[in-house]
Each structure stands twice: as structure tokens, then as C-alpha cells.
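Presented below is the structure to which this report refers.
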Amino acid sequence: MTEADLFRSFANRLPPGVLSTGVSDSRRGLIHGIAAYFLWGIAPLFWKLLRDVSWVEILAHRVVWGVIAFGAIVAAVGVGPVLRAAARDRGTLAAMALSGAMLAINWGMFIWAVARGHILDASLGYFIIPLISVGLGMLVLGERLRRLQWLAIAFSSAGVVVESWRAGGLPWISLVLATSFGLYGLVRKTARVEALVGSTLETMLLAPLAAAYLAVIGGGVISLSDPGTALLLLGTGAVTALPLVLFTSAARRLPLSTVGFLQYLTPTGQFLLATLAYGEPVAPARLAAFGLIWIGLALFSFDLARA
3 MTEADLFRSF ANRLPPGVLS TGVSDSRRGL IHGIAAYFLW GIAPLFWKLL
53 RDVSWVEILA HRVVWGVIAF GAIVAAVGVG PVLRAAARDR GTLAAMALSG
103 AMLAINWGMF IWAVARGHIL DASLGYFIIP LISVGLGMLV LGERLRRLQW
153 LAIAFSSAGV VVESWRAGGL PWISLVLATS FGLYGLVRKT ARVEALVGST
203 LETMLLAPLA AAYLAVIGGG VISLSDPGTA LLLLGTGAVT ALPLVLFTSA
253 ARRLPLSTVG FLQYLTPTGQ FLLATLAYGE PVAPARLAAF GLIWIGLALF
303 SFDLARA
């Protein structure tokens, strides 16, 4: 029995209307993708609350509580047998180890960037991700783009060039975020594992390192003397699990190029938070770079809606 079969069995036990089963696979993927990127777009609001905690410690807590959250979802949905079967497959383990490593790099860089006041740099990184995803989709998966989509990529690439010129060099924070998540999306797209099982397995592989780090530092700042921070760190599990499950579900149901351009929702939210909520300055050249990228997004969205 596959994960999908088990999920349908679980869904059938719920009251009518709790889960809709009349939505097409591609439309469900689109809904899941939009939801995931919206949640990631407002994520800096959460991570800013942990500004006094080391980014390495936050990352370790995120992995540990994330795997617990995934485990709870696995138990609720009833895909434990599928998870155990995937864990016995060496090819799946290797793929999830690679995707887990890319995810840890992406998480760590993003938490560090938010803590250091570089939300705009992080936003640019997530604007670049679609270019990485489109390139990987064409080179590795043989995906083809329509004419208007090529024009959208041209505008987006011009925006990245303008930002590199403005910064006087390659924007390394942005590139690390973009490359790590682009590769993560590719691995999850091609891995022979369903969304929830894969997300659980990759965090399980990261958990021993994270738990060992927390053991060395004595559990970090989790203590009854600071219940607010303790609750926030416990909440990193839910903040991690929900959008990641939604993303991997979308990645398996949609072309990688479409997934790539949906990701513009995340950096747009981060851009608005950085400028309106946290007051990060936006120079005219940087605004021009973002404007070119937004034009590319508009063109791609129009082409997608027309198709």
C-alpha cells in the first residue's frame, strides 16, 4: 500500500468535507505550493522573536522539534509502514541525506541572515531560486519553456545582474540560499518517496547531529526560567513541518519550472517585511533590480494562467 492509499484511508475516516478529494492533482499541487510559499514569506516574523539565541542553536532545535512534528503527522496519517520501507531503501536514504544537507544549509543561512538584518539579501536569494530551478529543470529533467516564459527569465536574470552590479560583487548570501534550495527541490522532485515520508526521513537523518550539539551545550536556552523562548523553540517544529510538507507535495505534482516561479511569493513577503516592518533601506538600484524580477514574475504568471 502506498502513502497515497494510506492517506486516503485516513481521510475516509474523517467527517465529510474535512479533506476535499475532488480537486485535480495539479490544482492540489498549486494550492499546496501557494500555501507553502506564503508561510515561508512571513517566517521572518517568527525568527526575529529568537534574535537573542544563537543561529546554530536555533537550527539544532528546528531539526529536533521538526522531526518530532513530522513523526506526529506520520502517526496521525498512518504512513509508518511506508516510512520504515523507505528507510530500508539505500537509494532513498542517499537521496534524503543529500536533500537534508541542502535543507540544513538553507535553513542555517536564512536564520543567520534574518538575525543579522539581511532580510532583503535573503529575499533576493529566494527571487533567484526560480532561475536555478528553471535551469535545473531544463538541464536535468528535460523540461521545455514557452516563448513568454523565456522572456520572463530574461527580465529576472537582468534583475540579478543589476543587483550584482549594485553590490559590487556576487551577493553570496543570496546565492547560497538560492543554490541550496534549488538543489533541494531537484532532489525531492526526482526522489522515489512521497512528500511526508521524505520530509520526515531527511529530518531524521539530521536529528542525531542536532541532538548531539544540544547535548554538548546542555540543552541550550530551553529552561523554565525563560518559558517564552522555550515555547518559541518548541514551536520551530510546527513552523518547519507544515510548509515543507506542502512544498514537497507541490514539487511532486507540478513541473519544476512552475514550482520555481511560485517561489516568488516567498521573497515578495520577505521584501515587504524587510522594508515596511524592519526598515531595511532600499537603494534605487536595488529597487530597479527587484522591479525587473517582478516584471518577470508577472509575465510568467500571465503565461501560466493563459495555459
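Note that my numbering has the sequence shown beginning at 3, numbered continuously upward.
Idealized CB from N, CA, C, for every residue including glycine.
All values reported here derive from a predicted model rather than from experimental measurement.
- Message: Taking the straight line between their C-alpha atoms, what separation do you get for A99 and L105?
- Response: As a position in the sequence shown, residue 99 is number 97, starting the count at 1. As a position in the sequence shown, residue 105 is number 103, starting the count at 1. Cα-Cα distance, rounded: 10 Å.
- Sort R86, R254, I36, A124 by Cα distance to L188 and report the nearest one. Stepping through the sequence shown from its first residue, residue 188 is reached at position 186. Nearest of R86, R254, I36, A124 to L188, Cα basis: R254.
- Of the choices I134, G82, G93, whose alpha-carbon is the least far from that of F183? On the sequence shown, position 181 is the one that residue 183 refers to. Taking only the C-alpha atoms, the option nearest F183 is I134.
- Message: Spatial neighbours of V199 within its chain, please: C-beta separation below 8 Å, excluding the five flanking residues on both sides.
- Response: Along the sequence shown, read from residue 1 onward, the residue named residue 199 stands at position 197. Contacts found: E5, V76, V81, V84, L85, A88.
- Item | Classification of I1 by the beta-carbon crowding that lies within 10 angstroms, buried from 16 upward | Here the chain covers residues 3 to 309 and nothing more, so residue 1 does not appear.
- Cβ neighbour criterion (16 or more within 10 Å) applied to F292: If you number the sequence shown from 1, residue 292 lands on position 290. Buried is the call here.
- If you draw a straight line from the C-alpha of W296 to the C-alpha of A276, how long is it? Within the sequence shown, the letter at position 294 stands for residue 296. Within the sequence shown, the letter at position 274 stands for residue 276. In a straight line, the C-alpha of W296 is about 17 Å away from that of A276.
- Query: Candidates R149, E165, E145: which alpha carbon is nearest A124's?
  - Reply: By one-based count along the sequence shown, residue 124 stands at place 122. With distances taken between Cα atoms, A124 lies closest to E165.
- Comparing alpha-carbon positions, which option in R168, T242, L306 lies nearest P286? Taking the sequence shown and counting its residues from 1, the one referred to as residue 286 is at position 284. Of the listed residues, the one whose Cα sits closest to P286 is R168.
- Message: Quick test of the definition: if touching needs 3 or more C-beta pairs under 8 Å, does the region 194 to 214 touch the region 144 to 156?
- Response: no
- Query: Would you call the region 209 to 221 and the region 63 to 77 in contact, with 3 or more CB pairs under 8 Å?
  - Reply: yes
- In terms of alpha-carbon separation, which member of N108, A217, L267, L294 lies closest to L41? In the sequence shown, the residue the question calls residue 41 occupies position 39. Measuring from the Cα of L41, the nearest candidate turns out to be L267.
- Task: Sort A243, S101, S158, L126 by Cα distance to T192 and report the nearest one.
- Result: Taking the first residue of the sequence shown as position 1, residue 192 is located at position 190. Looking at the Cα atoms, S101 is the closest of the given residues.
- Message: According to DSSP, is P283 part of a helix, a strand, or is it coil?
- Response: As a working mapping, residue 283 is identified with position 281 in the sequence shown. DSSP places P283 in coil when its eight states are reduced to three.
- Item | Residue nearest to K50 in terms of C-alpha spacing, selected from A180, A117, W109 | Taking the sequence shown and counting its residues from 1, one reaches residue 50 at position 48. Nearest of A180, A117, W109 to K50, Cα basis: A117.
- Message: Can you tell me whether I195 is helix, strand or coil according to DSSP?
- Response: Here residue 195 refers to the residue found at position 193 of the sequence shown. Note that residue 195 is Val in the sequence shown here, rather than Ile. Here V195 sits in coil by DSSP.
- Under the three-state DSSP convention, the category P132 falls into: Reading the sequence shown from its first residue, position 130 is the one you call residue 132. In the structure shown, P132 sits in a helix (DSSP, three-state: H, G or I).
- Query: Taking three-plus beta-carbon pairs below 8 Å as touching, is the region 238 to 251 in contact with the region 32 to 41?
  - Reply: yes
- Query: Do the CB positions of L179 and M111 come within less than 8 Å of each other?
  - Reply: Position 177 of the sequence shown, counted from the first residue, corresponds to residue 179. Position 109 of the sequence shown, counted from the first residue, corresponds to residue 111. Yes.
- Query: Where L294 and R90 are concerned, what is the direct C-alpha to C-alpha distance, given to the nearest angstrom?
  - Reply: One-based indexing of the sequence shown puts residue 294 at position 292. One-based indexing of the sequence shown puts residue 90 at position 88. For L294 and R90, the distance between alpha carbons rounds to 47 Å.
- Item | Residue range of the alpha helix (DSSP H) that includes A64 | For this step, residue 64 is matched to residue 62 along the sequence shown. Sequence inspection shows Arg at residue 64; the Ala mentioned does not correspond to that position. Where R64 is concerned, the enclosing alpha helix (DSSP H) stretches over 57 to 79.
- Item | For R288 and P173, the rounded distance between their alpha carbons | The count along the sequence shown starts at 1 and reaches residue 173 at position 171. The count along the sequence shown starts at 1 and reaches residue 288 at position 286. If I take the Cα positions, the gap works out to 12 Å.
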